[in-house]
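Chemist: Sequences listed follow chains R and Y, in order.
If you're matching positions, the first sequence starts at 1 in this note's numbering and goes up one per residue.
If you're matching positions, the second sequence starts at 1001 in this note's numbering and goes up one per residue.
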Amino acid sequence: MKITTDNLVGTWYKGTDSSCASYYPDKVILGAGGIYQAPRGPETGSIWHGGDWELDANLMLVIQASNDAMLHYRIVAFADEKLTLEDEFDCRIIYKNKP
Amino acid sequence: MTHLNEIPNLPETIEIENSSIDTTVVLPTPDIPILRPPFRVKSLKHGCYFLQWQPSNGSTRFNGTMRVERHDGGTTASGDLYQHSPFKVIASPSFRFVPNPDPSPSAGIPIFTRGRYRYYLRVTDILENFTIANSFTMKFERHLFDSSNNTWTNEGVFSANMVFKPTPSHYPSGATFLEGDLISPSGTGVGKITMGWVSKFLRKATLEIDRVAASESPDDNGSGIDWNDVFKPLGWDVNVIKSDADLSEPSGQSWSNAEMHAAMLDNRDSHNLDSEWRYYLICVRKLDSTSRGIMFDAFGGDSNNIPREGAGISSHWTIPNADPWGTVKGQRFGAADAPYFRTAVHELGHALGLYHNTADNGFMNTTGTIADNPGVFPSNIQWSFNSPDAKRLRHMPDPWVRPGMIPFGQAYNAAPISPTDMMDMQGALALKVESLLPQTPIGAPVRVKVILTNNSDVALEVPDGIALKSEHVIGCVRDPAGTARTFQSVFRCVEEHSHRILKPGQSMSDDLTLLRGNDGALFPSSGLHVVEVDVVWEMDSMPVSVSAKTAVMITPAIDDSHAQAAIKTLTTPDLLLTLAIGGDHITEGKEALETAMQDKILAPHYAVTTAKNVGRRFGKRKADIKAALLACSHKAVMSTSEARSIATIAKDLDVETLKKVDKQLATTLKSAADGDKIVADIVKKIIG
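1. Looking at residue 1449 (chain Y): is its Cβ nearer than 8 Å to the Cβ of residue 1639 (chain Y)?
2. Let me make sure I understand the geometry here. Which of Y:1353, Y:1363, Y:1162 has the alpha-carbon closest to that of residue 1393 (chain Y)?
3. Along the chain, where does the alpha helix (DSSP H) containing residue 1635 (chain Y) start, and where does it finish?
4. So the candidates are Y:1545, Y:1566, Y:1274, Y:1428; which of them puts its Cα closest to the Cα of residue 1506 (chain Y)?
5. Between Y:1284, Y:1189, Y:1433, Y:1648, which has its C-alpha nearest residue 1247 (chain Y)'s C-alpha?
6. Report all residues from its chain with a CB closer than 7 Å to the CB of residue 981 (chain Y); omit the five preceding and five following residues, and keep chain order.
7. Going by the DSSP bridge assignment, what does residue 53 (chain R) pair with across the sheet?
8. 8 Å is my cut-off, CB to CB: does residue 1492 (chain Y) come that close to chain R?
9. Distance check for residue 1177 (chain Y) and residue 1551 (chain Y), CA to CA, integer angstroms please.
10. Residue 1121 (chain Y) and residue 1140 (chain Y) look like a contact to me (Cβ under 8 Å); what is the Cβ gap, rounded to whole Å?
11. So, at 7 Å on beta carbons, what are the nonlocal neighbours of residue 32 (chain R) in its own chain, with the 5 sequence-adjacent residues on each side left out?
12. Does DSSP put residue 1193 (chain Y) in a helix, a strand or coil?
13. Counting C-beta neighbours from all protein chains within 10 Å, is the total for residue 1018 (chain Y) 16 or more, i.e. buried, or is it exposed?
14. So, is the C-beta of residue 47 (chain R) closer than 8 Å to a C-beta in chain Y?
15. What are the partner residues of residue 1473 (chain Y), as DSSP defines its beta bridges?
16. Once DSSP output is grouped into helix, strand and coil, what is the label at residue 1228 (chain Y)?
17. Within the continuous alpha helix (DSSP H) that includes residue 1400 (chain Y), where are the two ends?
18. What is the residue span of the beta strand (DSSP E) that residue 1260 (chain Y) lies within?
19. Any C-beta of chain R sitting closer than 8 Å to the C-beta of residue 1294 (chain Y)?
20. Hey, does residue 1418 (chain Y) have any beta-carbon neighbour from chain R nearer than 8 Å?
21. Should the region 1516 to 1526 of chain Y be regarded as contacting the region 1467 to 1486 of chain Y, the criterion being three or more beta carbon pairs within less than 8 Å?
22. With DSSP as the reference, identify every bridge partner of residue 1481 (chain Y), one or two as the case may be.
23. Assess, as a yes-or-no matter, whether the region 1323 to 1335 of chain Y is touched by the region 1267 to 1282 of chain Y under the definition of 3 or more beta carbon pairs within less than 8 Å.
24. Between residue 27 (chain R) and residue 39 (chain R), which are expected to be in contact by the criterion C-beta below 8 Å, what is the C-beta distance as a whole number of angstroms?
25. Note down the Cα distance separating residue 1021 (chain Y) from residue 1109 (chain Y), rounded to an integer number of angstroms.
26. Closer than 9 Å, Cβ to Cβ, to anything on chain R: give me those residues from the region 1334 to 1350 of chain Y, in chain order.
27. In this structure, does DSSP put residue 3 (chain R) in helix, strand or coil?
28. With residue 1198 (chain Y) and residue 1175 (chain Y) assumed to form a contact (beta carbons below 8 Å), what rounded beta-carbon distance in angstroms separates them?
29. At the level of alpha carbons, what is the spacing between residue 1071 (chain Y) and residue 1535 (chain Y)?
30. Can you tell me whether residue 1203 (chain Y) is buried or exposed? The criterion is at least 16 other CB atoms within 10 Å of its CB, across all chains shown.
31. Short of 8 Å Cβ to Cβ, which residues in the region 1400 to 1418 of chain Y face chain R?
32. Using a Cβ-Cβ cutoff of 7 Å, what residues of the region 1353 to 1377 of chain Y are near chain R? List them in chain order.
33. Who are the neighbours of residue 52 (chain R) on chain Y, taking C-beta pairs under 7 Å?
34. Measuring alpha carbon to alpha carbon, tell me which residue in Y:1053, Y:1136, Y:1573, Y:1307 is nearest residue 1182 (chain Y).
35. Counting only runs that start and end within the region 1096 to 1128 of chain Y, where is the alpha helix (DSSP H) found for 4 or more residues in a row?
36. Using the three-state DSSP reduction, which class does residue 1605 (chain Y) fall into: helix, strand or coil?
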């Protein structure tokens, strides 16, 4: 699927249980207006709580972290209803568009 | 003699400024004399108290603070205790030890050394309003802090009959002072506790603001709200110091987190976090890692491993000249007083341990979200912290909020916090906890049934489930020595909590299978244990809780085989996951389960878990329903919920096959879930 902002908009459910991915929330909602939510992020100590997001010119997902840093994620794969991200520490996090 | 028509009307509320007032009560009948001496009405002053606990075993005392917040709903209180060091080291004129006195109450809110922190006191009972007695009962859960992993252990409920005493010297004028004997959860006296009022504030801190010359200092929102207006309603006494106004830019106008951290270390006026809660805000033109602001002293940005000391904001980010940026679109950020000041408060909020909160447009929501929300930005900014965040700032443990202790990013629910006044639903709603068995062998899970009944005349909103997976259920197990081990759901629910209506007289029940909790095995020893269960939810946005407990006897190992199997089940953390979700991939849990099944004492207690694992498909392995039913056909121990699960697995078998199943299973299922339709149907087919 083509990586576009419109195609990323929606609700994503974490589909990986690797230890590095435990810092990411179970559910993230990427809104159409560049705002995202991660319900229960603060209760579960995740790195995403809610804030700004965008797809930058290099097709990297840029997302506001819990301390307001804008973190960049490489989109490794985006197909078959799965979104695979990779952070700066090479941690891969898979999100699916179904629970 | 005063007559009825001369008695003044009492006010709606009584404002008590002092800890006691003299009130002469006149009864409305001329025949009854005026009572002497006058009654005294006592209350607790709002504010911070110097707290001291002197253990009865003669060991060193503990000093700390108790925060008493008086609000519309009553009183919320919380406390922290630090172990007092009888000596301190001074270096000048020579290096030596000198006696370390207690803090002076006249100096206000005391600050203690971080490394001496020991306990959080989660106050569950305190004087809510007034009393005409000279004492009241205070109760608190004492949570022991483990600094090696930043966790707390609930040691149980301590209580003290706190007596109002004459205030000793060195306390501020009008201070309240109380003293009581502290009683442990096991009923033993463990020393004396005192608390004396020292300040109308709950906490105090210093904020130092440094900036580069080109950046503005965020002093207020441009409409009269400044730092004092932000923090005074929270009960925080924040001293704002505008210090360096000409910082050098290390590498151009944009700063990295590391550069801001280095500037903080080089330029801040002082940094003894053991004598002051000092936060640092640096104002620069631009930030490398974000647009508006960042709490850089977190994660990889905390280069000295002393977290949450500082934050930075940028003055030269340009607000996009487009919607939804309202009346400030296109402006330079530092010139837009309202959002600039808001961002400064927001970043300080992170340094205080707060996370983003999108419940309203308060300080911990993000700027972009507020701009996107209804209303015209920035006039739609809410100039306060929202209620849960305000409560966190007042009542979360010291290590969470003060700089230099717990790192940013830990889950909120990892730390205890005092309850706000919870609606006491005991009476209207009754919770009962019953153990399935009168005794359970060591190494086996303990099964309890939880029953919630609406005893009132009205329909009440309750959680839609009270199993552990519902997340409304928490609890603890107290062993024969009184040690408390807590438990809660292993699941992290991704959906919103839902409720159901319980009609008058109606009950709901569910089963808990208890094996491990936050602190490991819940029943690691034999003897009489007490299982305490709390069901917590919100009704009309008010927190509600009901509690109950039951006793459980754990019997010791009867032979070597049982002992070995019990060791395996008690020391394999993944066995809990196998119990909860099953699956062949949890290899250590599966191995522990197999060990338990090989022991004749433990096998009946793990038979259902085995049956559920085998009876469900996993990956390429097909479900083996016959093997599942065989596993639990020999007097398996099972709860009602488990019987229902087994019946659900069995319903895929044809009638002929079911008739061949051991009839003992039918007896076990019927005994566990008599009246359940799914179970009754399977029982009927097995019996034939």
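Note that CB positions come from ideal geometry on N, CA and C, so glycine has one too.
These figures come from a predicted structure and were not determined experimentally.
Modeler: Concretely, from the data shown:
1. yes
2. Y:1353
3. Looking at the DSSP string, residue 1635 (chain Y) is not in any alpha helix (DSSP H), and its letter there is neither H nor E.
4. Y:1428
5. Y:1284
6. Chain Y is shown from 1001 up to 1688; residue 981 (chain Y) falls before or after that span and cannot be answered.
7. R:63
8. Per-residue confidence for residue 1492 (chain Y) stands at a pLDDT of 49, beneath the threshold of 50, marking its modelled position as unreliable; no derived number is given.
9. 39 Å
10. 4 Å
11. 9
12. strand
13. Because the pLDDT at residue 1018 (chain Y) is just 39, under 50, the model does not fix this residue reliably, and the value given afterwards should be weighed accordingly. Counting Cβ neighbours within 10 Å, residue 1018 (chain Y) comes out exposed, since fewer than 16 surround it.
14. yes
15. Y:1535
16. helix
17. 1398 to 1401
18. From DSSP, residue 1260 (chain Y) is part of no beta strand (DSSP E) but of the alpha helix (DSSP H) over 1257 to 1267.
19. yes
20. no
21. yes
22. Beta-bridge pairing links residue 1481 (chain Y) to no other residue.
23. no
24. 6 Å
25. Its pLDDT being 36, under 50, residue 1021 (chain Y) is placed unreliably in this model, and the coordinates cannot settle the point.
26. 1343, 1346, 1347, 1350
27. coil
28. 7 Å
29. 25 Å
30. buried
31. 1408, 1409, 1410, 1411, 1412, 1413, 1414
32. 1355, 1356, 1358, 1366, 1368, 1369, 1372
33. 1366, 1368
34. Y:1053
35. none
36. helix
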